[in-house]
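Peer 1: In terms of this note's numbering, the sequence shown opens at residue 189 and continues consecutively.
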Amino acid sequence: MNIQVYTLSAFTKNGSGGNPAGVVLDGDLLKKSEMQIVARKIGFSETAFVQHSNRADFKLSYFTPNSEVDLCGHATIATFSLMFSLKRVHVGSYKIETKAGLLAVTICNNNQVYLSQALPDFYEKPNKEEIMRSLNLTCSDLDHNLPIEIVSTGLKDILVPIKNVHTLNNVKPDFSRISDVSKKYRVIGYHLFTLNTENDMIACCRNFAPLYDIPEESATGTSTGALTCYLFKYNKIQGNEVLSFEQGYSMKCTSILFSKLTVKNRNITRIEVGGTASNVKRQNISF
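#1: Which residue or residues does DSSP assign as beta-bridge partners of Phe446?
#2: If we require 4 or more residues per run, which alpha helix (DSSP H) segments fall completely within the region 352 to 436?
#3: Determine whether the beta carbon atoms of Lys448 and Glu460 lie at a separation below 7 angstroms.
#4: Just checking my contact of Ile336 with Lys351 at CB under 8 angstroms: how many whole Å lie between their CB atoms?
#5: Here's a check: name, in chain order, each residue in its chain whose Cβ is nearer than 6 angstroms to the Cβ of Leu323, leaving out the five neighbours to either side.
#6: Excluding five sequence neighbours on each side, which residues of the same chain lie with their C-beta closer than 8 angstroms to the C-beta of Ser370?
#7: Whole angstroms is fine: what's the gap from Lys275's alpha carbon to Ser466's?
#8: Please report the Cβ distance between Leu343 and Thr410, rounded to the nearest whole angstrom; I am assuming they are in contact, meaning their Cβ atoms lie under 8 angstroms.
#9: Within 10 angstroms of the Cβ of Glu404, are there 16 or more other Cβ atoms? Answer buried if so, exposed if not.
#10: At the level of alpha carbons, what is the spacing between Thr267 and Ile402?
#11: Relative to the C-alpha of Phe363, which candidate in Ile390, His354, Glu318 has its C-alpha closest?
#12: What three-state label does DSSP hand Asn227 in the structure shown?
#13: Ile265 by DSSP, collapsed to three states: which one?
#14: So what does Ala292 bridge to, in DSSP terms?
#15: Give a yes or no on whether the C-beta atoms belonging to Thr355 and Ala306 are separated by under 7 angstroms.
#16: Taking just the CA atoms, how far does Met271 sit from Val277?
#17: Between the Cα of Gly462 and those of Leu419, Leu445, Asp388, Val468, spot the shortest distance and give me the residue it belongs to.
#18: Please state whether the Cβ-Cβ distance between Val301 and Ser269 is less than 7 angstroms.
#19: With distances taken between CB atoms, is the gap from Val279 to Asn298 smaller than 7 angstroms?
#20: Using the DSSP secondary-structure output, state which residues sit across from Val468 in a beta bridge.
#21: Below 8 angstroms on the Cβ atoms is my contact criterion, and I expect Ala407 with Phe199 to pass it. Report the Cβ-Cβ distance as a whole number of Å.
#22: Since Ser322 is in the alpha helix (DSSP H), which residue starts that stretch and which ends it?
#23: Note down, in chain order, each residue of its chain lying with its Cβ closer than 7 angstroms to the Cβ of Glu312, except the 5 sequence neighbours on either side.
#24: Leaving aside the five residues before and after Met389 along the sequence, list all residues of the same chain whose C-beta is less than 7 angstroms from its C-beta, in chain order.
#25: Could you compute how far the alpha carbon of Lys469 sits from the alpha carbon of Pro208?
#26: In its own chain, which residues sit with a C-beta less than 6 angstroms from the C-beta of Asn254, not counting the 5 before and 5 after it?
#27: Looking at C-alpha atoms only, which residue of Val353, Ile230, Val212, Ile225 is the closest neighbour of His240?
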């Protein structure tokens, strides 16, 4: 079989950086086992497959090189940016069916695409010592004004507050231990962040998901949504504003992600994460 695959980077900064994703527009032609083969051959952290839906405008399935995941923010941004460039969709809102539920995607006049994520779930606070061991950190490296906590807006991540940018960029992760901890708590991985950004970003971040063959990722939309809700919970942001996040600097692939948190009477009613995508390429995968 010969399948046409598009590749492009989402959450780019001035047309560069970002997180590359694969997009297959003819997902209905493939079985899940074949989607997995295509994702493995492409080799990016996630590949999105567009399919017909009886419940929404589109159905999207997401595969890492080794397994299917419920949702992927950057691959969704890439998919709709691609379809917009091909005039398959237009400025406006669309509903997508995913394994994380029915979600809304909005295409803006400035070419930014926003994905509305699930409302947040806050889980237990994991053992701090095992988190620090897996990151080769000490207590003095953490931001003690915030807790390590598991949060999800579609995918569960362990959020780890770091005291400053220098410490964040010099973290030496033990991927084997991170995989073990991720398996124990049934999370995708770790999302490290610091609010001590030294620029106009609300936070600078790093993301590790070795359990899913993603040692480090340069832009993670679902984790950004979870982090935005977490920051509101702990009174670090007010809500009803657009926030900017930087990720990928330590990979020399700096990315910019934007989030919009809608709040009414101190209750979160909507969380969206978005950005731009660029560098579209096309290739054929045979198997």
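Where is the CB? At the ideal position from N, CA and C, for every residue including glycine.
Peer 2: So, to answer that:
#1: Ser432, Gly462
#2: 353 to 357, 363 to 373, 409 to 421
#3: yes
#4: Actually they are not in contact, since the Cβ atoms of Ile336 and Lys351 sit about 13 angstroms apart, beyond 8 angstroms.
#5: Val359, Pro361
#6: Ile346, Ile376, Gly377, Tyr378, Ala397, Pro398, Leu399
#7: 15 angstroms
#8: Taking the Cβ atoms as the reference, Leu343 lies roughly 5 angstroms from Thr410, within the contact range of under 8 angstroms.
#9: Glu404 comes out buried.
#10: 20 angstroms
#11: Glu318
#12: This sequence places Ala at residue 227; Asn is not what is there. Under the three-state reduction of DSSP output, Ala227 falls in the helix class.
#13: helix
#14: Lys283
#15: no
#16: 6 angstroms
#17: Leu445
#18: yes
#19: The Cβ atoms of Val279 and Asn298 lie no closer than 7 angstroms to each other.
#20: The partner list for Val468 (beta bridge, DSSP) is empty, contrary to what the question assumes.
#21: 4 angstroms
#22: 316 to 323
#23: Ile338
#24: Closer than 7 angstroms at Cβ, skipping near neighbours: Ser432, Phe433, Glu434.
#25: 11 angstroms
#26: Asp401
#27: For His240, the closest C-alpha among the options Val353, Ile230, Val212, Ile225 is that of Val212.
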